[in-house]
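Peer 1: Note that the numbering used here has the sequence shown beginning at 2, numbered continuously upward. We put the beta carbon where it would ideally sit given N, CA and C, even for glycine.
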Amino acid sequence: MAKNGKKSKSLIASGIWCVVAVVVLFGYLGMVMGVPNMLNTIMKTAHDLLLNTVLYLMSICVITGAMGRVFVEFGVVALLERTLRPLMRPIFNLPGVTSLGAVMTFLSDNPAIISLAKDKRFASYFK
Numbered sequence: 002m003a004k005n006g007k008k009s010k011s012l013i014a015s016g017i018w019c020v021v022a023v024v025v026l027f028g029y030l031g032m033v034m035g036v037p038n039m040l041n042t043i044m045k046t047a048h049d050l051l052l053n054t055v056l057y058l059m060s061i062c063v064i065t066g067a068m069g070r071v072f073v074e075f076g077v078v079a080l081l082e083r084t085l086r087p088l089m090r091p092i093f094n095l096p097g098v099t100s101l102g103a104v105m106t107f108l109s110d111n112p113a114i115i116s117l118a119k120d121k122r123f124a125s126y127f128k
């Protein structure tokens, strides 16, 4: 019980420091830029970030995840396994289908492999 008390006190102290740092940072920016200009800049940056970055990356994740499922369904994964097994097994001690996972992870920044990891046919290559 005493351990939890110390932990919560340290969390409260770090929370106070975080709030103070944020207030000082945005207070300073508001004084230098002016509050309306600061808020306008923050909103425009957030809007641009959402539309031009986040939605674009999300669409790539959805498309590569769907492609992975199609590849499993129509036998492309089995073809990759057979073709790349001689290369992947001696070098990395992994089945050939890991190359598909590596490419999908690279293209989608990780989330697309989650749909394949739950697929029983894809997971059967790793047993």
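Quick test of your reading: arginine 86 and proline 96, contact by CB under 8 Å. State the CB separation rounded to the nearest angstrom.
Peer 2: Within the sequence shown, residue 86 is the residue found at index 85, counting from 1. Within the sequence shown, residue 96 is the residue found at index 95, counting from 1. Right, the Cβ-Cβ distance comes to about 6 Å (below 8 Å), so this counts as a contact.
Peer 1: When the Cα atoms are used, what is the spatial distance from valine 104 to threonine 42?
Peer 2: The residue you call residue 104 lines up with position 103 of the sequence shown. The residue you call residue 42 lines up with position 41 of the sequence shown. Rounded to the nearest angstrom, the two C-alpha atoms are 37 Å apart.
Peer 1: Over what stretch of residues does the alpha helix (DSSP H) that includes valine 98 continue unbroken?
Peer 2: For the purposes of this step, residue 98 is identified with residue 97 of the sequence shown, where counting begins at 1. It is not in any alpha helix (DSSP H) - valine 98 carries neither H nor E in the DSSP assignment.
Peer 1: By DSSP, does aspartate 120 sit in helix, in strand, or in coil?
Peer 2: For the purposes of this step, residue 120 is identified with residue 119 of the sequence shown, where counting begins at 1. The answer is coil: DSSP assigns aspartate 120 none of H, G, I, E or B.
Peer 1: Report the start-end ranges of each alpha helix (DSSP H) in the region 47-90 that is 4 residues or longer and not cut off at the edges.
Peer 2: Listed in chain order, the complete alpha helix (DSSP H) runs (minimum 4 residues) inside the region 47-90 are 56-74.
Peer 1: Thinking valine 98 and valine 78 are a contact (beta carbons under 8 Å), I'd like their distance in whole angstroms, please.
Peer 2: As a working note, residue 98 is residue 97 in the sequence shown. As a working note, residue 78 is residue 77 in the sequence shown. Between valine 78 and valine 98 the Cβ distance is about 5 Å, and since that is below 8 Å, they are a contact.
Peer 1: Buried or exposed for cysteine 19, please, with buried defined as at least 16 other CB atoms from any protein chain shown within 10 angstroms of its CB.
Peer 2: Taking the sequence shown and counting its residues from 1, the one referred to as residue 19 is at position 18. With fewer than 16 other Cβ atoms within 10 Å, it is exposed.
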